[in-house]
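The sequence shown lines up with residues 51 to 237 when you count with the working numbering.
The structure under discussion appears below in the form of structure tokens.
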Amino acid sequence: MSETGTHASEAVAVAAERRWGIIVAAIIAALVAMMIFTGVHWASMPPSRVETIDPRTLHISGEFVESNLGTAVEADGKVVVRLVAQQYSFEPQCMLVPAGTPVTFRGTSSDVVHGFVVGTTNANVMLIPGYVATFTTTFRKTGAQLMPCHEYCGTGHAAMWAHFQVVPQQEFMAKVRKGERLTCVSR
Ligand code: CUA
């Protein structure tokens, strides 16, 4: 190889190294910027309100007595699902909600930390004794889903799950009678 040929290939190698050096440094800088941004973003948002509840009296009085669990249409038209998790089941064992409508969940635990996720949807929350977990989401697709507990809660954890049924809005509204709690638990 001639003298010039060696120099040319060396220059190509140096340029390639520099190029990759810049790309890798840019990726690292972008990741660090992302970490700083999300950290500052979350730290600058106050936590949503914290609602506490006495887990020892859940079944005796208040919002989470058995007769008040399930899906209800509130006076203001909001669809609210109330549920309680306990070792090793959810109450009610089958939730019924309308599709295409915002659904608010209100849940808590009567013993240890549980959680649930509805199928492959973004409905996913932890249920912590002493606290009321709440979030609102809309289910687009109708059909049956499984709702497993996703926080290890003891030896029966793997067997802890509920059924979840999303029905068309008209079908749901047809089932709603004022003040009644809906579930899809077969009696
Ligand atoms: Cu309840 Cu795991």
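Here a beta-carbon is modelled for each residue, glycine too, at the ideal position from N, C-alpha and C.
Pop quiz: residue i and residue j are said to be a contact at Cβ under 8 Å. What is the actual Cβ separation, rounded to whole angstroms?
| i | j | result |
| --- | --- | --- |
| aspartate 104 | glutamine 136 | Wrong, their Cβ atoms sit about 15 Å apart, outside the cutoff. |
| proline 198 | valine 167 | 7 Å |
| tyrosine 138 | glycine 204 | 7 Å |
| alanine 149 | phenylalanine 189 | 5 Å |
| valine 147 | threonine 170 | That pair is no contact at about 16 Å. |
| methionine 145 | valine 131 | 6 Å |
Using three-state DSSP, classify residue i as helix, strand or coil.
| i | result |
| --- | --- |
| histidine 164 | strand |
| glutamine 220 | helix |
| valine 130 | strand |
| alanine 135 | strand |
| threonine 184 | strand |
| alanine 212 | strand |
Please report how far the alpha carbon of residue i lies from the alpha carbon of residue j, in whole angstroms.
| i | j | result |
| --- | --- | --- |
| valine 163 | glutamine 143 | 18 Å |
| glutamate 60 | glutamate 201 | 57 Å |
| asparagine 172 | glycine 193 | 16 Å |
| methionine 51 | tryptophan 70 | With a pLDDT of only 49 at methionine 51, under 50, the local geometry of the prediction cannot be trusted, and the value read off the model is given with reservation. Cα-Cα distance, rounded: 27 Å. |
| glutamine 215 | alanine 183 | 21 Å |
| glutamate 108 | threonine 151 | It is worth fixing the name first, because residue 108 is leucine in this sequence and not glutamate. Approximately 28 Å between the Cα atoms of the pair. |
| glutamine 195 | glycine 89 | 34 Å |
| arginine 106 | leucine 133 | 15 Å |
| arginine 231 | glycine 206 | 28 Å |
| leucine 119 | threonine 158 | 11 Å |
Which residue wins for smallest C-alpha separation from residue i, given the options the options?
| i | options | result |
| --- | --- | --- |
| phenylalanine 114 | Arg156, Phe222, Gly89 and Val147 | Arg156 |
| phenylalanine 185 | Asn174, Gln195, Lys191 and Phe222 | Asn174 |
| histidine 213 | Val226, Leu81 and Val235 | Val235 |
| leucine 177 | Val100, Gln220 and Met85 | Val100 |
| glycine 127 | Ala209, Thr233, Val153 and Asn118 | Val153 |
| arginine 227 | Val129, Gly165, Arg68 and Ala75 | Val129 |
| threonine 233 | Ala208, Ser117 and Leu81 | Ser117 |
### Query
Mind pulling the beta strand (DSSP E) runs of 3 or more residues that sit fully within the segment 72 to 125?
Runs of the beta strand (DSSP E) inside the segment 72 to 125: 120 to 123.
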